[in-house]
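Residue numbers (the working numbering), protein chains in the order written: chain A, 192 to 516; chain B, 35 to 692.
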């Protein structure tokens, strides 16, 4: 659709005002959210407006010709449109937005919002549409007393923490003459890790030259750190001696053979482009985690001590994503 | 659109084709053959190429086809305006649009075309028999809307959804239909196309009435206020013909004379007529109508009823008719001249016979009697299919073939009278009618078409003489189809073969009569009558508005409630509801039940606070515990729960919490 240069700014400012008004009216939402009457809006669709024009034409023609049968059919179709308005409203009313979550992605890959819609009514709901502003919508049929998951595409973003301000739930069913919709203002965030990119070799462990570490290691016997006990840890790894000294339950963590401890420092990189440096650091974090190394990250103002595991990877990448010079 | 979405796309296409086909089928017997044939060919083309991607026909081909269609309609109808030409154009043009139907939006346009054709069909014909077809088409279009907008909906679901919505809409449609104020006139002039004329025309040639006799169509229905006339008085007057060229009788141009007052003699009948659309200007009345029933209808010199406009919709009117009226004035010279004219040099033997009859007869009345006697004695045969006659048609009938139909005898009799110098004219119309005991009216069909003669007798005026009644007296009592079963189509013969079927046919006809009178002719007056019957004194349009608003609002409320019921979540347990209610009531006299408290423990809390109520409260809470946790008694459970709920409802607790 072509957008008029005159009306587009007007439209845009109107939308912003409308959005602010709805936001004030509704307040912030907490999931799971059952869609209440107060927050639903409904207007005729383009097809609905055409249908109304057709009805008007039918009314004029049948009145003019004094034709009872055509007049009755006109009224029947008008009633049909009103019923379809009620049904459209009902198709959305009471829908439950059970959960919404945007899994973390790397910059440059497609992001999406995972939405779970629930239906507690005894009737199925048809073609519920969900979308974030200015993005293609995803639709789903909800079975009676059931749930469905939909993936809403999100715009591609640079690294960082992005707020998903609002989610639109809508339906034009049945008959497509009206569209009922609502905006959900839930606190949703999308975390975009920096793109892991760069060809510089990974720096070694601090104070140790790369390659010397493995000779001195005695394999699995050598533990590196102590961490609090978590359910599921093997009792053989618990530091019972420390426990006997009335310390809390601690678990010895071992490094796999060949693993190293590395520190990735922003300051050591020389590339004038800050984003390139961030990408390089992300590359090292991802690679080190894949190798099973222990690694830490030093950004101006932030220092993450060496560790490993998904938590550490996330900690480092999230720090890289959010860091601003 | 992605290729993966091909299947639902086909479903939408199929449904929009169906909605459009339904619309075309409503017109298939009215539009020219080429129009419907083109539409069906294009439909077939579109369906066969449904799986192919890209446009079916190039823009050039489509534009050329469109131009060709417009040109054809123009050549055939000389206009694009009007119902007939418009429909003939819409049918193939919409089919052409089908060729470029790809998106759901295009498909919706096709459904719109289906609805347009539906309205055009209503404007064309609104008989009872077609009403179910119109409803079906409405249903089909609504279901198509669902399938197209909700891609991938099953046909059954779509039909069920649309059907349910239409059923919910029906009460509103009724309310609106009854209360929406009707217009007295029209916004714009209604152009009528050339449509098939039915019934009598304003000329009569040998055989022109015969061709009507095969038509079982209703011409009009007549309902008498009091006793109906006897069969020999059931002559319904149509066009009166004066000019004879030896072959065809025509109305002639002199009927501009003003009428003279008549003196009613014989019986007077008051009755109402429901006239079926004939696309002609003739209204019909029994023998001699006293006055015009409508301002737009002229009562002519010949006592014909001639409307200003063709009858395109059913018409109802009331008439007062005289039988055997007398005219005491003398016939004007111009009329006398016109009604004694005969074509030059034709029928010499008839003229000779007329002269001899004139000489033998002492008076005009005797002349008429002598001529009738001639017909009675001459061995004449009443026949639907008489042998053809030559240039001297009356001579041939009277002296050689001796077989003819009512038109032939009327023509011969008038020729005879004019030959003898007595002013005479041919009257066409209908004779008889079938009594419908269910509706209490007479049905006059096209098959009852008849022609008779009128002669001028001094002192009496125009007097009806029916020569056919002399040749075939049974025609008066029995309908034509009874006399000539061969004239009936096989369908009618079948329908008349059993009493049961005949009765069914009469019921159907009565239903049609009711439909025409109460639905098709539902006007502002009918609306006000209805209001008066509802008890509103001197109703006007404002009252209609009130009833309309009240009806609309109550319908909206009921619909909202009905549709909202769907939202009820499962697990609404009447026992739990009653228990919650009990707890709320008890919370007024005791501390509210805490979530962890069961009924027994809660009963203790309440009794501690209000020992005076212990017995009643304990009984109820224990009953709840028993119903909820006790041994199941499926047979009486529902009743027990209802009973418990009633006891909870009746519980009255005096005195607030202390």
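Beta carbons are placed, not taken as given, at the ideal position from N, Cα and C, and that holds for glycine.
Every value quoted in this text rests on a predicted model; they were computed, and no experiment measured them.
Same chain only: Cβ atoms within 6 Å of residue i, ignoring 5 sequence neighbours per side
| i | result |
| --- | --- |
| residue 424 of chain B | 430 |
| residue 456 of chain A | 489 |
| residue 299 of chain B | 358 and 360 |
| residue 503 of chain A | none |
Alpha carbon of residue i to alpha carbon of residue j, nearest angstrom
| i | j | result |
| --- | --- | --- |
| residue 585 of chain B | residue 274 of chain B | 51 Å |
| residue 220 of chain A | residue 128 of chain B | 49 Å |
| residue 253 of chain B | residue 260 of chain A | 21 Å |
| residue 287 of chain A | residue 311 of chain A | 8 Å |
| residue 253 of chain A | residue 269 of chain A | 14 Å |
| residue 308 of chain A | residue 553 of chain B | 49 Å |
| residue 399 of chain A | residue 474 of chain A | Its pLDDT being 46, under 50, residue 399 of chain A is placed unreliably by the model, and the measurement read from it follows with that caveat. If you take the alpha carbons of residue 399 of chain A and residue 474 of chain A, they lie about 22 Å apart. |
| residue 659 of chain B | residue 306 of chain A | 42 Å |
| residue 200 of chain B | residue 170 of chain B | 11 Å |
| residue 549 of chain B | residue 142 of chain B | 33 Å |
| residue 355 of chain B | residue 269 of chain B | 11 Å |
| residue 175 of chain B | residue 356 of chain A | 40 Å |
| residue 675 of chain B | residue 232 of chain A | 40 Å |
| residue 416 of chain B | residue 326 of chain B | 35 Å |
| residue 203 of chain A | residue 250 of chain A | 37 Å |
| residue 402 of chain A | residue 392 of chain A | No answer about residue 402 of chain A holds up, because its pLDDT of 43 lies below 50 and its placement is not dependable. |
| residue 449 of chain B | residue 507 of chain B | 21 Å |
| residue 460 of chain A | residue 494 of chain A | 16 Å |
| residue 240 of chain B | residue 130 of chain B | 47 Å |
| residue 406 of chain B | residue 331 of chain B | 35 Å |
| residue 96 of chain B | residue 73 of chain B | 13 Å |
Under 8 Å between C-beta atoms of residue i and residue j
| i | j | result |
| --- | --- | --- |
| residue 557 of chain B | residue 216 of chain B | yes |
| residue 214 of chain A | residue 376 of chain A | yes |
| residue 385 of chain A | residue 470 of chain A | yes |
| residue 346 of chain B | residue 321 of chain B | no |
| residue 370 of chain B | residue 296 of chain B | no |
| residue 485 of chain A | residue 464 of chain A | no |
| residue 319 of chain A | residue 373 of chain A | no |
| residue 484 of chain B | residue 463 of chain B | yes |
| residue 302 of chain A | residue 345 of chain A | yes |
| residue 640 of chain B | residue 624 of chain B | yes |
| residue 179 of chain B | residue 366 of chain A | yes |
| residue 500 of chain B | residue 490 of chain B | no |
| residue 348 of chain B | residue 333 of chain B | no |
| residue 453 of chain B | residue 388 of chain B | yes |
| residue 138 of chain B | residue 182 of chain B | yes |
Counterpart residues of residue i in DSSP-defined beta bridges
| i | result |
| --- | --- |
| residue 310 of chain A | A:337 |
| residue 68 of chain B | DSSP output for residue 68 of chain B lists no bridge partner at all. |
| residue 121 of chain B | Answer by DSSP bridge pairing: none, since residue 121 of chain B is not bridged. |
| residue 478 of chain B | B:254 |
| residue 317 of chain A | Paired residue(s): none; residue 317 of chain A is not in a bridge. |
| residue 302 of chain B | B:356 |
| residue 304 of chain A | A:343 |
Cβ shell of residue i (< 7 Å), same chain only, five flanking positions each side left out
| i | result |
| --- | --- |
| residue 551 of chain B | 308 and 350 |
| residue 544 of chain B | 470, 472 and 473 |
| residue 351 of chain A | 383, 512 and 513 |
| residue 331 of chain A | 308, 319, 339 and 341 |
| residue 44 of chain B | 84 |
8 Å Cβ cutoff, residue i in contact with chain C
| i | result |
| --- | --- |
| residue 232 of chain A | No chain C appears in this structure, whose protein chains are A and B. |
Close-in-space but distant-in-sequence residues of the same chain around residue i (CB under 8 Å, 5 per side omitted)
| i | result |
| --- | --- |
| residue 62 of chain B | 70 |
| residue 619 of chain B | 682, 685 and 687 |
| residue 632 of chain B | 659 |
| residue 114 of chain B | 104, 107, 108, 120 and 123 |
| residue 165 of chain B | 549 |
| residue 334 of chain A | 310 and 315 |
Inset, instruction - Can you check the region 344–378 of chain A for any beta strand (DSSP E) of at least 3 residues that lies completely inside it and give the ranges in chain order? - result: DSSP runs (the beta strand (DSSP E)) wholly in the region 344–378 of chain A: 351–355, 358–362 and 369–375.
Legend entry - Segments assigned beta strand (DSSP E), at least 3 residues, entirely inside the region 126–151 of chain B: none
Legend entry - Contained alpha helix (DSSP H) runs [length at least 4] in the region 249–293 of chain A, N- to C-terminal order: 259–283
Legend entry - Completely contained beta strand (DSSP E) runs for the region 441–512 of chain A, where each covers 3 or more residues: 441–445, 452–456, 485–490 and 493–498
Legend entry - Whole alpha helix (DSSP H) elements within the region 563–632 of chain B, 4-residue minimum: Taken in chain order, the unbroken stretches of alpha helix (DSSP H) that lie wholly in the region 563–632 of chain B and span 4 residues or more are 575–598 and 608–620.
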